[in-house]
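Residue 826 is where the sequence shown starts when you use this note's numbering, and the numbers rise one by one after that.
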Amino acid sequence: MLQLILGGARSGKSRLAEKLAIDSALAVTYIATSQPLDGEMSERVAHHRARRPVEWALIEEPVELARVLRESARTNSCLLVDCLTLWLTNLLMLNDAERLAAERDALLDCLASLPGEIIFVSNETGMGVVPLGELTRRYVDEAGWLHQALAERCERVVLTVAGLPLTLKGTAL
Numbered sequence: 826m827l828q829l830i831l832g833g834a835r836s837g838k839s840r841l842a843e844k845l846a847i848d849s850a851l852a853v854t855y856i857a858t859s860q861p862l863d864g865e866m867s868e869r870v871a872h873h874r875a876r877r878p879v880e881w882a883l884i885e886e887p888v889e890l891a892r893v894l895r896e897s898a899r900t901n902s903c904l905l906v907d908c909l910t911l912w913l914t915n916l917l918m919l920n921d922a923e924r925l926a927a928e929r930d931a932l933l934d935c936l937a938s939l940p941g942e943i944i945f946v947s948n949e950t951g952m953g954v955v956p957l958g959e960l961t962r963r964y965v966d967e968a969g970w971l972h973q974a975l976a977e978r979c980e981r982v983v984l985t986v987a988g989l990p991l992t993l994k995g996t997a998l
């Protein structure tokens with residue numbers, strides 16, 4: 826099953842994804858896309874690490890997400906990817922439009938063939954004011970397009986607000 830959990834900052838999306846992974850009763854691999862390049866991001870990473878069960882495997886991959894999914898997906902496993910918008914940011918910061926398109930397409934193309942449970946977490950950024958800067962507008966656009974393409978392929982899509990899940994597609998939680 827493919828699931829997409831969307832929400833704003835501190836909306837409870839990661840906590841919900843972690844609960845779904847635990848409830849799956851499968852072996853869980855947490856795929857972290859963040860690159861803790863500053864103190865604040867390092868604190869966020871530490872917070873997430875402290876909350877995760879110790880028996881979960883961890884893969885840290887900031888760019889080659891499709892490759893990691895293909896290598897790690899198993900019938901009796903759950904992969905939790907947190908988070909797609911950080912992954913997208915990493916790609917945007919490479920300033921290589923061809924690489925961004927190739928990695929995005931590789932991700933979308935591999936989804937149908939992946940076994941097991943896969944839970945994607947991503948920030949919903951398109952519900953606010955249109956950003957002033959070109960790079961920020963591109964980020965919001967790319968995230969929106971990625972979310973639409975993923976939502977099309979996922980069996981369940983959930984929007985999380987104030988810790989409350991609203992099922993947009995698939996079986997309600």
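Glycine residues also receive a C-beta, built at the ideal position from the N, C-alpha and C atoms.
query = Would P990 be called buried (16 or more neighbouring beta carbons within 10 Å of its own) or exposed?
reply = buried
request  = Can you tell me which of the three DSSP states N901 falls into?
outcome  = coil
Beta carbon of G995 nearer than 8 Å to that of E977 = no
query = Residue range of the beta strand (DSSP E) that L989 falls in?
reply = L989 to K994
query = How is the alpha helix (DSSP H) around N915 delimited, first residue to last?
reply = L909 to M918
task = Might you give, ordered along the chain, the residues of its own chain that have their beta carbon closer than 8 Å to the beta carbon of L851, omitting 5 neighbours on each side?
result = N901, S902, C903, G941 and E942
query = Between E959, A834, I944 and R963, which lies nearest to A846 when the distance is taken from Cα to Cα?
reply = I944
message = Tell me whether the segment 924-937 and the segment 876-894 touch, counting them as touching only if at least three CB pairs, one residue from each stretch, are closer than 8 Å.
response = yes
key: Cα-Cα separation between T910 and S849, rounded to whole angstroms   = 24 Å
query = Exposed or buried, what is G958 when buried is set at 16 or more other beta-carbons lying within 10 Å of its beta-carbon?
reply = exposed
query = Does the segment 853-870 come within contact of the segment 948-965, defined as at least 3 CB pairs closer than 8 Å?
reply = no
ask   = Just checking, does the segment 905-921 make contact with the segment 875-888 on the three C-beta pairs under 8 Å criterion?
value = yes
query = Thinking just about the alpha-carbon of each residue, which of L998, A987 and L829 is nearest to the one in D907?
reply = L829
message = If you measure between the beta carbons of V982 and G832, is that distance less than 8 Å?
response = no
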